[in-house]
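Report on the structure given below.
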């Protein structure tokens, strides 16, 4: 059995590795299997973990993602992740990868793959809702697929917002604090929050915008107004999961919801017109983790 | 992160460790949580894996059990297992234990714990349905809680049956091939098969018998006649799972079904009279694996 520690996997992962592996995974998801996600908790029910698993023509395995809110106070990341790859010849565990940092890259990579194929070619402005750990990875990942001139940061706390603007600057991204309404003028909107209600009004979003909801990954979570979903072209990583635990649980009509993998292979249309509003919902699937894991093991 | 290889965990495990840890786990299950089991498969859908997870006041984690039927032809065990313990302070993976052989011990231990508390004190005969890998562990585990004078082996193939009788003899157990009806005269009956239909008639079972169904752990699997369940006192590892994927999915009325943990703590009655028929259904829960894992790590 091979093992990669958190330190090893964190040292190996890059936006490019994550982008390519996640792109492959999203395509594999259209023919592969994603098994039901499990929502568990620790001895303290406030500490939560999810177990996701999947199989494709190449691989199968399990990802355990944990969310320990109290880690914040200890200066440790609240999210951690462990990936377990199964040997397809024997069923034994072929590799275990600690993948806390990798998880942030892989989650952001899905939104980058989606923005790459769905956002307008000439998109130059990004709005980010949320200033948490993941939000930074989202901005950097999107900046790799479009030449961003500015990032509008929508923060609940001015303090956290200011620190996040500085953090983005340190990554070479020109950023500023913004109201939700002003931010919605951006070409690309990414929501990376733990919200349980829409973060903005559907009317604030201009024709031609690409919107990505990253935060909604459990029942009751919600970041986007249902009115926006009603007038947008809808995409996601995995339709059956997106309507269960993703943003699409709040869609009045999700019949047009398309797997991004089908757009990537040309089986389905993506953006058709410059004034389309496109929405991508990522609730996260194990195949993303598994394909990234395989790529890390190769290196 | 700590790691125990298959070789290490196999060298450490004993019937006694498994018995004590599984007993503790069955008690913990009555106040802890068992999260929904996931049934997945490999790139070849004939290769299957299950993901089980749970939490108690002491621990939480995940067990991935795999069943690769083709391993048989390669002289390798078809069942493999990996246990992942979560650090309750941080949510990170505290330990990974390869537990293929351990899994056989822990499964048999649940039936031994049940037989210990539910079978008549003076039970001396055992019937075993099935001659597979797991059946041997079942016989040895039960022999640790009752002085067995003989083991009746019910085999579908005489060849396999003969080999199994020899195997039992090599473990010091006096065994012989038997018909299903004759075997049902035993004081303790254990079924360890992949059956999807009852293995014997309810009328063949005498008053006072203890019956354990080990094999039923998925929808559609069945080893016992529903008429037996209707006249027996019913016990299991986890009632909500037993009626979903265990033997109790076939019970006409499972309202009296009792968690063995409640019997172990004295909260519920076990065997009340010498002529009670008691039935124990084990569909297998993650806490069993997690408590055994902790105990192995201690050594």
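Residue numbers (the numbering used here), protein chains in the order written: chain A, -8 to 290; chain B, -8 to 290.
Just so you know, even glycine gets a beta-carbon here, dropped at the ideal spot from N, CA and C.
Keep in mind it's a predicted model, so treat the numbers as computed, not measured.
- For residue 72(B), the secondary structure class from DSSP, reduced to helix, strand or coil, is strand.
- Taking C-alpha positions only, residue 177(A) is separated from residue 91(A) by approximately 30 Å.
- DSSP, reduced to helix, strand and coil, places residue 257(A) outside both helices and strands of the structure shown, so it counts as coil.
- Taking all protein chains shown into account, residue 157(A) has fewer than 16 neighbouring C-beta atoms within 10 Å of its C-beta and is therefore exposed.
- Contact with chain B is absent for residue 17(A), since none of that chain's Cβ atoms lies less than 9 Å from the residue's Cβ.
- Within its own chain, the residues whose Cβ lies closer than 7 Å to the Cβ of residue 192(A), once the five positions on either side in sequence are excluded, are 216, listed in chain order.
- Residues of the same chain with a CB within less than 6 Å of the CB of residue -3(A), apart from the 5 flanking positions on each side, are 89, 91 in chain order.
- 96(A) is the residue among 27(A), 96(A), -5(A) whose C-alpha sits nearest the C-alpha of residue 4(A).
- When DSSP states are grouped into helix, strand and coil, residue 234(A) belongs to the coil group.
- Contact between residue 17(B) and residue 173(B) is absent: CB atoms are separated by about 32 Å, not below the 8 Å threshold.
- In this structure, residue 141(A) lies near residue 115(A), with their beta-carbon atoms less than 9 Å apart.
- Within the segment 70 to 88 of chain B, the residues whose Cβ lies closer than 7 Å to any Cβ of chain A are, in chain order, 71, 73, 75, 77, 79, 81, 82, 83, 84, 87.
- For residue 280(B) against residue 8(B), the beta-carbon gap comes to about 13 Å, at or over 8 Å, which does not count as contact.
- Between residue 185(B) and the set 171(B), 214(B), 160(B), 26(B), the nearest pair of CA atoms involves 214(B).
- Think of a sphere of 8 Å around the beta carbon of residue 93(B): no beta carbon from chain A falls inside it, the nearest being about 13 Å out.
- Under the three-state reduction of DSSP, residue 55(A) is assigned to strand.
- If you look at residue 204(A), you'll find it in the beta strand (DSSP E) that goes 201 to 204.
- Interface residue (Cβ-Cβ distance to chain A less than 9 Å): residue -3(B) is classified as such.
- Per DSSP, the beta bridge partners of residue 46(B) are 24(B), 51(B).
- Contacts between residue 204(B) and chain A, judged by CB atoms closer than 8 Å, are missing: the closest CB pair is about 24 Å apart.
- Per DSSP, residue 143(B) is one residue of the beta strand (DSSP E) stretching across 141 to 145.
- Residue 179(A): not part of any alpha helix (DSSP H); member of the beta strand (DSSP E) spanning 179 to 182, first to last residue.
- By a beta-carbon distance limit of 8 Å, residue 284(A) contacts residue 86(A). Their separation comes to about 7 Å.
- Counting the other Cβ atoms within 10 Å of the Cβ of residue 238(B) gives 16 or more, which makes it buried.
- Considering only beta carbons, the part of the segment 46 to 63 of chain B lying closer than 8 Å to chain A consists of 46, 47, 48, 49, 50, 51, 53, 55, 57, 58, 59, 62, in chain order.
- Using a Cβ-Cβ cut-off of 9 Å, residue 42(B) counts as an interface residue toward chain A, since at least one Cβ of chain A sits closer than that to its own.
- The beta-carbon distance between residue 119(B) and residue 183(B), rounded to whole angstroms, is 7 Å. This is short enough to meet the 8 Å contact definition.
- Within the segment 2 to 31 of chain A, contact with chain B at the beta-carbon level (separation under 9 Å) is assigned to 23, 24, 26, 27, 28, 29, 30, 31.
- Against residue 115(A), chain B offers no close residue; the least beta-carbon distance is about 38 Å (beta-carbon pairs closer than 8 Å).
- Cβ neighbours of residue 143(A) within its own chain (closer than 6 Å, five residues either side excluded): 118, 169, 174, 177.
- Taking a contact as a CB-CB distance under 8 Å, the pair residue 245(B) and residue 234(B) counts as one, their CB atoms being some 5 Å apart.
- It is roughly 45 Å from the alpha-carbon of residue 199(A) to the alpha-carbon of residue 43(B).
- Annotated as proximal: residue 254(B) and residue 108(B), with beta-carbon spacing under 9 Å.
- For residue 213(A), DSSP records a beta bridge to 187(A).
- With respect to chain A, the C-beta atom of residue 228(B) has no partner C-beta closer than 9 Å.
- Spanning the alpha carbons of residue 48(A) and residue 262(B) requires a straight line of approximately 50 Å.
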